[in-house]
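Some notes on the structure that comes next.
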Amino acid sequence: MKKIVLLIAILTIGKSAFTQQAQPAYKASLDSLKIFIDLSEKEAILNRLVKAHPNDNFDQYRAKLAENFVIAKNSAKALHYFNQIEQTARIMYVETVATGIMTYDLKAAETLVGQELNNPKNAKEERLFLLQLYSQVADKMGDHNKAFAAIKECYEQAARKSAGLTAQYYYLMSKTGRYQEALPELEKAVLLGLADDDFKNELKKAYINVHPGKDSNAYLATLTKQFDDKYKAEIAAKMITEQAPEFKVKDINGKEVSLSDFKGKTIVLDFWATWCGPCKKSLPAMQMMVNKYKNDPTVKFLFIHTWETVPNPKPDAVNYLLTHNLDLPLYMDTKDPVTKKNPAVSSFGVSGIPAKFIIDGNGKIRFKELGLLWPNEVAVRQLSAMIEMSR
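In the UniProt record's numbering, the protein residues as written are 1 to 391.
Okay, here's the thing in structure tokens:
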């Protein structure tokens with residue numbers, strides 16, 4: 001039994017040497033990553049486990065390998081391990097694998113989502129999710145009719161038509177040339193803050209087709225200003241003034257930092273954990289935030305791993321960031337052996353993660369944000385506004 005546990009630990013985290021060598025550099029290229037996490041070795045470990053214990057379920061490790069091969073841009077291997085997962089469990093992993101493959105191999109992504117649409121084990125809600133995902137793949141492939149057909153089926157069968165689903169439906173409708181019908185709904189989506197650059201470009205295209213000769217840039221600018229004015233007022237209404245606790249956390253090299261170390265700076269605390277799905281889903285947006293403020297010495301980010309479920313959480317956290325190409329300032333809030341509590345997160349009174357706090361240069365909490373901010377563009381816009389108002 002001990003041997004099985006050890007092999008699974010290696011398969012999940014990587015070699016023990018990985019932790020010691022990877023931490024100082026922290027950010028690793030794919031070539032460096034291969035030194036620390038050898039995929040062929042992980043394959044061999046999994047194959048030995050399956051052969052020795054054919055009746056056990058190793059779906060989560062197959063999913064991990066599929067994800068690793070997505071990062072390595074090996075779609076054939078990624079699909080190979082994904083297809084070994086039990087049909088009833090695939091829905092849990094399909095989005096991560098498909099969206100990853102979508103960035104470099106659209107045909108493979110279409111194959112993956114298409115086969116899952118035909119999976120008889122999926123419930124109605126799961127099929128609707130897959131239809132929405134398939135519409136995104138088809139849109140990126142330039143097949144707008146196929147994309148709209150998928151989102152149309154999803155939209156018509158959905159019991160609750162969310163603002164995001166509605167925006168995607170009319171966005172893809174516009175791409176099929178139905179500008180007159182789509183334009184009013186595209187406008188609503190902009191005013192709700194749901195429009196990224198592609199969406200705004202489609203809005204301008206629809207506007208020009210419905211109103212030939214009129215200035216689409218001026219039209220979009222007017223809508224954007226309406227949204228910005230309303231949005232800033234809504235963000236300002238959430239602003240608070242509370243003294244932040246004098247928390248202490250350690251970086252991955254063991255250096256302790258506290259609130260007083262950031263006097264005069266605006267800091268963003270993000271409490272997260274590797275077991276927390278919404279936390280992990282929010283990290284790409286947070287990477288966008290770090291990139292946006294990387295040249296601003298007055299703004300600092302602390303990504304604080306907390307509420308660990310393993311005895312030594314640091315290798316797990318470092319491994320997750322490395323394997324997902326995330327260059328985020330990582331800090332550890334590990335459990336106190338006496339109180340059995342994670343001191344930093346406890347000092348903020350957090351009851352759930354992800355939890356974000358924006359603290360001004362005087363040590364005052366100005367904003368609290370609990371739960372997942374989504375999609376990424378919305379998260380970046382909201383957090384950016386909070387930072388600017390906290391200066």
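Virtual Cβ for every residue (Gly too), placed ideally from N, Cα, C.
Beta-carbon gap between residue i and residue j smaller than 8 Å
i: Glu242; j: Ile353; result: no
i: Ile252; j: Leu302; result: no
i: Val70; j: Gly100; result: yes
i: Lys265; j: Glu256; result: no
i: Leu269; j: Phe357; result: yes
i: Ala158; j: Tyr134; result: no
i: Thr274; j: Asp316; result: yes
i: Ser174; j: Ala195; result: no
i: Ser260; j: Ala379; result: no
i: Tyr93; j: Ala63; result: yes
i: Asp59; j: Ile85; result: yes
i: Phe139; j: Leu172; result: Reading the sequence as shown, one finds Asp at residue 139 and not Phe. Going by C-beta atoms, Asp139 is nearer than 8 Å to Leu172.
i: Ala66; j: Ala78; result: yes
i: Leu112; j: Ala98; result: yes
i: Arg90; j: Asn119; result: yes
i: Phe262; j: Lys300; result: yes
i: Ala355; j: Leu370; result: yes
i: Leu220; j: Lys204; result: yes
i: Leu328; j: Val318; result: no
i: Pro297; j: Asn376; result: no
i: Lys232; j: Ala385; result: yes
i: Thr88; j: Lys124; result: no
i: Leu39; j: Ala72; result: yes
i: Ile235; j: Met389; result: yes
i: Thr176; j: Phe148; result: yes
i: Ala244; j: Gly142; result: no
i: Gly193; j: Arg381; result: yes
i: Leu186; j: Tyr169; result: no
i: Ile387; j: Ala344; result: no
i: Leu131; j: Glu95; result: no
Cβ neighbour criterion (16 or more within 10 Å) applied to residue i
i: Trp307; result: buried
i: Asn342; result: buried
i: Trp374; result: exposed
i: His211; result: exposed
i: Ala17; result: Model confidence at Ala17 stands at a pLDDT of 31, short of 50, so the residue's coordinates are unreliable; what they give is reported in the following sentence. Classification of Ala17: exposed, given that the 10 Å Cβ count is below 16.
i: Asp31; result: Here the model assigns Asp31 a pLDDT of 33, short of 50, so the residue's position is not dependable, and the following value carries that caveat. Asp31 comes out exposed.
i: Met332; result: buried
i: Lys42; result: buried
i: Lys2; result: Reliability of the predicted coordinates at Lys2 is poor, the pLDDT of 37 falling under 50, and no value is obtained from them.
i: Met239; result: exposed
i: Thr103; result: exposed
i: Phe36; result: The predicted model places Phe36 with a pLDDT of 44, which falls under 50 and marks its position as unreliable, so this point remains unresolved.
i: Asn68; result: buried
i: Val338; result: exposed
i: Glu246; result: exposed
i: Gln20; result: Confidence at Gln20 is low in this model, with a pLDDT of 30, below 50, so its placement is unreliable and no value can be given for it.
i: Gln287; result: buried
i: Asp360; result: buried
i: Leu383; result: buried
i: Glu202; result: buried
i: Ala218; result: exposed
i: Thr323; result: buried
i: Glu181; result: exposed
i: Ala163; result: exposed
i: Glu156; result: exposed
i: Ala108; result: buried
Residue i CB to nearest heavy atom of the ligand NAP below 7 Å
i: Glu187; result: Looking for the ligand NAP in the displayed structure turns up nothing, as the structure carries no ligands at all.
Residue i at chain B interface by Cβ criterion, 8 Å
i: Ala237; result: The chain labelled as chain B is not found in the depicted structure, where only one protein chain is given.
Cβ pair count under 8 Å reaching 3, the region 310–326 against the region 339–355:
no
Which whole runs of the alpha helix (DSSP H) in the UniProt domain "Thioredoxin" (238–391) are 4 residues long or more, in chain order?
With a minimum length of 4 residues, the continuous alpha helix (DSSP H) runs that stay inside the UniProt domain "Thioredoxin" (238–391) are 277–292, 313–323, 343–347, 376–390.
Continuous alpha helix (DSSP H) assignments of at least 4 residues falling wholly in the region 57–89
59–71, 75–82
Sequence ranges, alpha helix (DSSP H) only - wholly within the region 108–184, length at least 4
124–140, 144–157, 163–175
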